Amino acid sequence: MSLRSRLIAAFVAVFVLLGVSSVVVTLVQRSYLMGQVDQQLTNLTPAAGAVISRLANNATRPNAQSALQSEFSEFYIGRVAPDGRMQTFVAPVSDPELVPELPTVPVYGTPLTVRTSGGSVNRVRIIETRLNDGSISIFGVSMSATEAAIRRLIITEGIASLIVLSVMGLVVFWVVRLGIRPIRRMTEAADAISAGSIDTRVDVPSDGTEAARLGHALNTMIDTTRATETRLRQFVSDASHELRTPLTTLRGYTALYEAGGFERKEDLDDAMRRMGNEAARMGRIVDDLLLLAKLDEHGAPAPEPVELGGVLRDLASDITVVQPGRPVSVECPEPVIALIDRDHLTQTITAFTTNALRYTDATAEIILRASVSKGRARVEVSDRGPGIVEADLPRLFDRFYRADSGRSRAAGGNGLGLAIVASIISSNHGTYGVNSVVGFGSTFWFELPTAPNS
Numbered sequence: 003m004s005l006r007s008r009l010i011a012a013f014v015a016v017f018v019l020l021g022v023s024s025v026v027v028t029l030v031q032r033s034y035l036m037g038q039v040d041q042q043l044t045n046l047t048p049a050a051g052a053v054i055s056r057l058a059n060n061a062t063r064p065n066a067q068s069a070l071q072s073e074f075s076e077f078y079i080g081r082v083a084p085d086g087r088m089q090t091f092v093a094p095v096s097d098p099e100l101v102p103e104l105p106t107v108p109v110y111g112t113p114l115t116v117r118t119s120g121g122s123v124n125r126v127r128i129i130e131t132r133l134n135d136g137s138i139s140i141f142g143v144s145m146s147a148t149e150a151a152i153r154r155l156i157i158t159e160g161i162a163s164l165i166v167l168s169v170m171g172l173v174v175f176w177v178v179r180l181g182i183r184p185i186r187r188m189t190e191a192a193d194a195i196s197a198g199s200i201d202t203r204v205d206v207p208s209d210g211t212e213a214a215r216l217g218h219a220l221n222t223m224i225d226t227t228r229a230t231e232t233r234l235r236q237f238v239s240d241a242s243h244e245l246r247t248p249l250t251t252l253r254g255y256t257a258l259y260e261a262g263g264f265e266r267k268e269d270l271d272d273a274m275r276r277m278g279n280e281a282a283r284m285g286r287i288v289d290d291l292l293l294l295a296k297l298d299e300h301g302a303p304a305p306e307p308v309e310l311g312g313v314l315r316d317l318a319s320d321i322t323v324v325q326p327g328r329p330v331s332v333e334c335p336e337p338v339i340a341l342i343d344r345d346h347l348t349q350t351i352t353a354f355t356t357n358a359l360r361y362t363d364a365t366a367e368i369i370l371r372a373s374v375s376k377g378r379a380r381v382e383v384s385d386r387g388p389g390i391v392e393a394d395l396p397r398l399f400d401r402f403y404r405a406d407s408g409r410s411r412a413a414g415g416n417g418l419g420l421a422i423v424a425s426i427i428s429s430n431h432g433t434y435g436v437n438s439v440v441g442f443g444s445t446f447w448f449e450l451p452t453a454p455n456s
């Protein structure tokens, strides 16, 4: 059963419960009021009999007779004489013409409700008692007050029930309109997405309800899924493109060899060398992809305290060996200890220095810095190269992205070095970035948690 059906069923159940409760309360109240009337009649019946005896025998003076009639001004007192004549001694002041219709067979001592043959009220509660002279005393009271009280109770219950049902109806309408209907649309959108339609979006209401927040969350999930799928497609396309070049080279040399194109040994040796280079390049791409996949799935290895100054000095020595004429300096005035796997730290800084070596002039200075910034270890690799245009900065750490699409693959890398840096640093709860000014150089940096008490 849907939530909407359950709400409607609950509304109907409340309606029935209110109806049953109203009936029960009315019956209980009516029984209580009737009990009060009957108790009053029963208690005053002997006094009413005495009044009949005195008034019937004219044994009461006029003043006393008026006092008796005033004392019983709300009641009816009469009798049925032995000859069957109906006599009225006291009638209610509010209805002096009141005459009850007596039952054919007298019911002595038990209160009962009868209709009237005279007067303004329709029903009266009486009790019949047989007197010593053979006559029957009739002592009664009008039911108008009791019936009016019951009517007021019924009207009050009806108004209260109407108010409760109206409020519940508004609540159900509000829940259906602001809650269930948006959720149903979201369910339909989720079904469409599961069927493959990632362009579907949910119309989110402008209020701050849970349904609106759920709609925003669903749209965010849709956008994230769409972006992830777009990145995945781009990744597969870029990976295929990167691997296609060495594979094409290998197939070309193989076909040329089968066609007898290498008549001289020197040509064959050169072809084998170039095939080896392409195979090695393809292997590096595969290794980088596997590393990225491993970092995405398992995260970084357990971190260990690493002193950054020593690592920077070792890498500076490596740069000097590769390019002896390159000016390199290390700035680390005090020991800086970061929490990271040493191999991953070396790989991260090497990615920065490799870019600096690859894309700057051999005479441009490279500066390696380590410091503590706001309680975190910070590493910077700066160069005095041509710099990077601002439009390329946000995507430098994307996979397979190259700031200069015109660079040859022989001069450039495979576009995964900085992506690996981003994955390693993020896996170690760090941050990374680049600052660059065209014509003045670039500074690649990252920050990591420092070791306790470092």
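By the count of this note's numbering, the sequence shown reaches residue 456 at its end, each step adding exactly one.
Here a beta-carbon is modelled for each residue, glycine too, at the ideal position from N, C-alpha and C.
Because the structure is a prediction, the values reported are computed rather than measured.
Residue 27 has its alpha-carbon roughly 23 Å from the corresponding atom of residue 113. Counting other Cβ atoms within 10 Å of its Cβ, residue 37 stays below 16 and is therefore classed as exposed.
The continuous stretches of alpha helix (DSSP H) do not include residue 382, which lies in the beta strand (DSSP E) extending over residues 378-385.
Per DSSP, the unbroken alpha helix (DSSP H) holding residue 354 starts and ends at 344-361. Under the DSSP assignment, residue 278 falls in the alpha helix (DSSP H) whose first and last residues are 267-300. A contact is defined here as three or more CB-CB pairs under 8 Å, and the region 3-23 fails this definition with respect to the region 90-105. Per the DSSP secondary-structure output, residue 234 pairs with nothing in a beta bridge. Residue 245 and residue 422 do not touch by the CB rule: their CB atoms are close to 17 Å apart, not below 8 Å. Taking every protein chain shown into account, the CB of residue 21 has fewer than 16 other CB atoms within 10 angstroms, so this residue is exposed. Note on geometry: alpha-carbon atoms of residue 203 and residue 7 lie some 26 Å from one another. The secondary-structure analysis by DSSP pairs residue 81 across a beta bridge with 89, 139. Assignment of residue 448 by DSSP, reduced to helix, strand and coil, places it in the strand class.
When DSSP states are grouped into helix, strand and coil, residue 221 belongs to the helix group. Annotated as distal: residue 338 and residue 315, with beta-carbon spacing of 9 Å or more. A Cβ-Cβ separation of about 6 Å places residue 340 in contact with residue 310 under the 8 Å criterion.
If you check the CB distance, residue 429 and residue 302 come in under 9 Å. Excluding five sequence positions before and after residue 354, the CB atoms of its chain that fall closer than 6 Å to its own CB belong to 383, 446, given in chain order.
For residue 397 and residue 403, the gap between their C-alpha atoms comes out near 7 Å.
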